[in-house]
Amino acid sequence: MSDVVVHAEQRQPFEDGPHAPDVLVAIPHEDRELPGGADQVGEFTRTLEWALLLLRTLEQDGRDRVHEEDLNRLHALVRALDQRLIPALEGVRDAAVRRYRELGGSYGSLAKAMGVPRSTAQTRSMALLGREPSAHERWASGQ
1 MSDVVVHAEQ
11 RQPFEDGPHA
21 PDVLVAIPHE
31 DRELPGGADQ
41 VGEFTRTLEW
51 ALLLLRTLEQ
61 DGRDRVHEED
71 LNRLHALVRA
81 LDQRLIPALE
91 GVRDAAVRRY
101 RELGGSYGSL
111 AKAMGVPRST
121 AQTRSMALLG
131 REPSAHERWA
141 SGQ
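Residue numbers are given in full-length UniProt numbering: position 27 of the sequence shown equals residue 27, and the series is strictly consecutive.
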């Protein structure tokens with residue numbers, strides 16, 4: 001596998017909002033088929049784009065009467081989110097928290113990252129470390 005270049009920079013997306021990292025990952029063309037099903041990231045990105053477009057389009061239409069086709073699209077969206085995207089994102093978060101703690105990250109720092117009290121971060125971390133990684137967490141870690 002060729003080298004993978006990762007560049008992250010802090011940007012402030014909103015005037016008064018929190019700083020969020022803007023991460024760019026450059027992968028050589030021959031290495032785009034990543035191990036562990038990481039190619040699903042594109043599918044998840046398209047699902048999120050579809051969700052936002054659908055919801056905003058329905059909101060802008062402002063119809064009082066909902067068409068059956070719109071209900072079917074929303075049904076498919078909820079299903080895709082609840083059965084695929086949200087569990088995958090939870091797996092990514094769990095993998096990150098698990099690795100953070102394994103590398104010696106503190107509960108206080110983890111609490112700041114999570115936006116919760118230290119005790120909550122500790123409880124969540126201990127619960128996570130007390131069980132085997134889920135299928136989605138293993139997927140996120142490339143296992």
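Think of the CB as a built atom: it goes at the ideal place given N, C-alpha and C, for glycine as much as any other residue.
How many angstroms separate the CA atom of residue i from the CA atom of residue j?
i    : j    : result
R46  : L74  : 15 Å
A111 : A121 : 5 Å
R124 : G142 : 22 Å
A135 : L58  : 34 Å
Y100 : S109 : 10 Å
F44  : N72  : 20 Å
G130 : Q60  : 46 Å
A96  : G105 : 11 Å
R56  : V41  : 23 Å
V116 : W50  : 31 Å
Could you tell me whether the Cβ atoms of residue i and residue j are closer together than 7 Å?
i    : j   : result
L77  : L52 : no
L128 : R98 : yes
If residue i and residue j are in contact, beta carbons under 8 Å, what's the gap, nearest whole angstrom?
i    : j   : result
W139 : A80 : At roughly 16 Å, the Cβ-Cβ gap does not stay under 8 Å, so W139 and A80 are not in contact.
E137 : D94 : 5 Å
For residue i, collect the residues of the same chain with a Cβ closer than 7 Å to its Cβ; drop the 5 residues on either side in sequence, then sort them by chain order.
i    : result
Y107 : R118, A121, Q122 and S125
E90  : H136
M114 : A121
E102 : none
E132 : none
Once you ignore the five residues that flank residue i on each side, which residues in its own chain have a CB closer than 6 Å to its CB?
i   : result
I86 : none
V92 : A140
H67 : none
In chain order, what residues of the same chain lie with their CB nearer than 8 Å to the CB of residue i, ignoring the 5 residues before and after it?
i   : result
E69 : none
L48 : L85
Examine chain E for any beta-carbon lying closer than 7 Å to the beta-carbon of residue i, and answer yes or no.
i    : result
K112 : The chain inventory of the structure shown lacks chain E, comprising one protein chain alone.
Exercise for the section: Tell me the start and end of each unbroken alpha helix (DSSP H) in the stretch 54-95 that is at least 4 residues and wholly inside, in chain order. Expected result: Runs of the alpha helix (DSSP H) inside the stretch 54-95: 68-80.
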